[in-house]
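Take a look at the structure set out below.
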Amino acid sequence: MNNEGNKLIGIFYVILSSIGFGVMPVLVKLAYRGGANPMNTLLLRFTFASLILLVYIKIKKISLRINLKQGKIIFLMGACGYSLTAILVFFAYKYVDVGIAGIILYSYPIMVMILSIIFYKEKIKIKKIMCVLMTFVGITIMVEVQSGVHISAFGIILVLFAALGYAIYCLGGANKEVKELNNYIVTFYLACITAIMGGVIGLATNSFNKPIALSAIFIILIIAVVSTVAALMLFLKGVKIIGSTNAAVFSALEPIVSLVLGVIILDEVISVKIIIGTILVIASMLILAKEEVKK
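So for the sequence shown, my numbering puts the first residue at 188; every next one is plus one.
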């Protein structure tokens, strides 16, 4: 397949990944109604994901062997990246409103771009910067800040570190050492690391002392399959093809999916500001897609 076709496939992978991640908030809220909480949801989600991946890996007879350098990068992606993001955002909600946290968290594409320039020597391009800024502005507009907003410096710091963690995860997926590995292997190790961290912090915060309904456990299983295994692997595939900065921009489709499903399933309210923000995000992705196909 030619380079143009590969670019389009990479974009398609990241968009599918964003849809998988985007359905997760709605599923999580439904799980909460069945007695789940953020920490036991995190633990069960990644435990289920690890087991599913392990079964598949064994059936396909894929080797789990990785070298020391690959192990270090994957550990960084998991411990300082994906799991750090999930855990810090959970604790940040105690100190800052969800809307403010969402705005700050989605500053991660800008962090990815800066870190990519520093570590991967990516070229600075005006269109790419414009796309990232349009994405950030669009998501900022979509979040309606109400009066009486609860915000603290500590909460802002937590979410900024969560955004940095996701940027580290994106960059790790673009590393040449990780690119050599099977996506199932990378995702398996990431799921294991996140499950362990979730379990340790959950025990430390006494988050496992309440019963969970069977319906909630089933919903978490769906989250593990759709919003973890499938979404993570598709994202990693996309990063390998189109790079970390471009993948970060296209993954901004995630909050739009969450928004639409929230309106449809959870009867959440939509406004003119949200529509304008959505248009900006989609426009930035289309501009970047056109630019990538031209190369």
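Virtual Cβ for every residue (Gly too), placed ideally from N, Cα, C.
Assess, as a yes-or-no matter, whether the region 427-439 is touched by the region 396-413 under the definition of 3 or more beta carbon pairs within less than 8 Å.
-> no
Looking at the structure shown, is G197 part of a helix, part of a strand, or coil, going by DSSP?
-> Position 10 of the sequence shown, counting from 1, holds the residue named residue 197. Correct three-state label for G197: helix.
Where are the beta strand (DSSP E) runs, 3 residues long or more, that stay fully inside the region 413-457, in chain order?
-> none
Please determine, among I202, L446, V283 and R252, the residue with the shortest C-alpha to C-alpha distance to I343.
-> Along the sequence shown, one-based indexing puts residue 343 at 156. Among I202, L446, V283 and R252, the Cα nearest to that of I343 belongs to V283.
Straight-line Cα distance separating G325 from Q333 = In the sequence shown, residue 333 corresponds to position 146, counting from 1. In the sequence shown, residue 325 corresponds to position 138, counting from 1. With a pLDDT of only 47 at Q333, under the threshold of 50, the placement of this residue in the model should not be trusted; the figure read from the coordinates follows. Taking the straight line joining both Cα atoms gives about 17 Å.
Can you tell me which of G222, V468, I407 and L238 puts its alpha carbon nearest to the alpha carbon of T374?
-> Locating residue 374 in the sequence shown gives position 187, counting from the first residue. Closest by alpha carbon: L238.
Boundaries (first-last residue) of the alpha helix (DSSP H) holding R232 | Against the sequence shown, residue 232 aligns to sequence position 45. Where R232 is concerned, the enclosing alpha helix (DSSP H) stretches over P225 to I246.
In chain order, what residues of the same chain have a beta carbon less than 8 Å from the beta carbon of T485, not counting five sequence neighbours either side?
-> With the chain running from 188 to 482 in the structure shown, residue 485 is simply not present.
L377: buried (16+ other C-beta within 10 angstroms of its C-beta) or exposed?
-> Counted from its first residue, the sequence shown places residue 377 at position 190. Classification of L377: buried, given that the 10 Å Cβ count is 16 or more.
Hey, how far is the Cα of V319 from the Cα of N369?
-> Mapped onto the sequence shown, residue 319 falls at position 132. Mapped onto the sequence shown, residue 369 falls at position 182. Rounded to whole angstroms, V319 to N369 spans 29 Å at the Cα level.
Cα-Cα separation between F235 and F405, rounded to whole angstroms | In the sequence shown, counting from the first residue as 1, residue 235 sits at position 48. In the sequence shown, counting from the first residue as 1, residue 405 sits at position 218. Those two C-alpha atoms are separated by around 11 Å.
G352 lies in the alpha helix (DSSP H); which residues open and close that run?
-> Start at 1 with the first residue of the sequence shown, and residue 352 comes out as number 165. Its alpha helix (DSSP H) spans residues A340 to G360.
Using three-state DSSP, classify A400 as helix, strand or coil.
-> To locate residue 400, count along the sequence shown from 1; it is residue 213. It is coil, neither helix nor strand.
Tell me whether the beta-carbon of I463 lies closer than 7 Å to the beta-carbon of N362.
-> For this step, residue 463 is matched to residue 276 along the sequence shown. For this step, residue 362 is matched to residue 175 along the sequence shown. For I463 and N362, no; Cβs fall outside 7 Å.
Please work out which residues of its chain come closer than 6 Å, Cβ to Cβ, to L421, disregarding the five sequence neighbours upstream and downstream, and give them in chain order.
-> Walking along the sequence shown from the start, residue 421 turns up at place 234. Here the set comprises Y200, L203 and S204.
A470 (DSSP reduced to helix, strand or coil) | As a position in the sequence shown, residue 470 is number 283, starting the count at 1. Looking at A470 - three-state DSSP - the assignment turns out to be helix.
Three-way DSSP call (helix, strand, coil) for Y219 in this model = The count along the sequence shown starts at 1 and reaches residue 219 at position 32. Here Y219 sits in helix by DSSP.
Return the chain-ordered list of same chain residues with a C-beta closer than 6 Å to the C-beta of G335, the five sequence neighbours on each side being excluded.
-> The sequence position of residue 335 within the sequence shown is 148, counting from 1. The predicted model places G335 with a pLDDT of 46, which falls under 50 and marks its position as unreliable; any figure quoted below should be read in that light. The answer is none, since no qualifying residue turns up.
Where does A340 land, buried or exposed, given buried means 16+ other C-beta within 10 angstroms?
-> By one-based count along the sequence shown, residue 340 stands at place 153. A340 is exposed by the Cβ-count criterion.
When the Cα atoms are used, what is the spatial distance from N227 to K312?
-> One-based indexing of the sequence shown puts residue 227 at position 40. One-based indexing of the sequence shown puts residue 312 at position 125. Straight-line Cα distance between these residues: approximately 43 Å.
Using a Cβ-Cβ cut-off of 7 Å (strictly less than) and excluding sequence neighbours within five positions of V210, which residues of its own chain qualify?
-> If you number the sequence shown from 1, residue 210 lands on position 23. So the list reads V413, S414, V444 and L448, once near-sequence residues are dropped.
Spatial neighbours of I388 within its chain, please: CB distance less than 7 Å, with the 5 preceding and 5 following residues excluded, ordered by chain position.
-> As a first step, residue 388 is located in the sequence shown; it is residue number 201 there, counting from the start. If we look at I388 and ignore the five residues flanking it on each side, its Cβ neighbours are M226 and I274.
Report all residues from its chain with a CB closer than 8 Å to the CB of L263; omit the five preceding and five following residues, and keep chain order.
-> The residue you call residue 263 lines up with position 76 of the sequence shown. Around L263: I355 and G359.
May I ask which residues mark the beginning and end of the alpha helix (DSSP H) holding K259?
-> By one-based count along the sequence shown, residue 259 stands at place 72. First-last of the alpha helix (DSSP H) with K259: L255 to M264.
Do A218 and V276 come within 7 Å of each other at the CB atom, strictly closer than that value?
-> As a working mapping, residue 276 is identified with position 89 in the sequence shown. As a working mapping, residue 218 is identified with position 31 in the sequence shown. Cβ distance not < 7 Å, so V276 and A218 don't count as in contact.
With DSSP run on the structure shown, which of helix, strand or coil describes V459?
-> As a first step, residue 459 is located in the sequence shown; it is residue number 272 there, counting from the start. V459 falls in the helix class under three-state DSSP.
K149 and E367: beta carbons closer than 7 Å?
-> In the structure displayed, the chain extends from 188 to 482; residue 149 sits before or after that span and is not available.
Give a yes or no on whether the C-beta atoms belonging to Y353 and Y293 are separated by under 7 Å.
-> Walking along the sequence shown from the start, residue 353 turns up at place 166. Walking along the sequence shown from the start, residue 293 turns up at place 106. Contact flag unset, no.
Please state whether DSSP places N393 in a helix, a strand or coil.
-> Here residue 393 refers to the residue found at position 206 when the sequence shown is read from its first residue. Coil.
Is K310 helix, strand or coil by DSSP?
-> In the sequence shown, residue 310 corresponds to position 123, counting from 1. Looking at K310 - three-state DSSP - the assignment turns out to be coil, as it is neither helix nor strand.
Which residue's Cα is closest to the Cα of L347: S471, A279, I244 and T327?
-> Taking the first residue of the sequence shown as 1, we reach residue 347 at position 160. That would be A279, whose Cα lies nearest to the Cα of L347.
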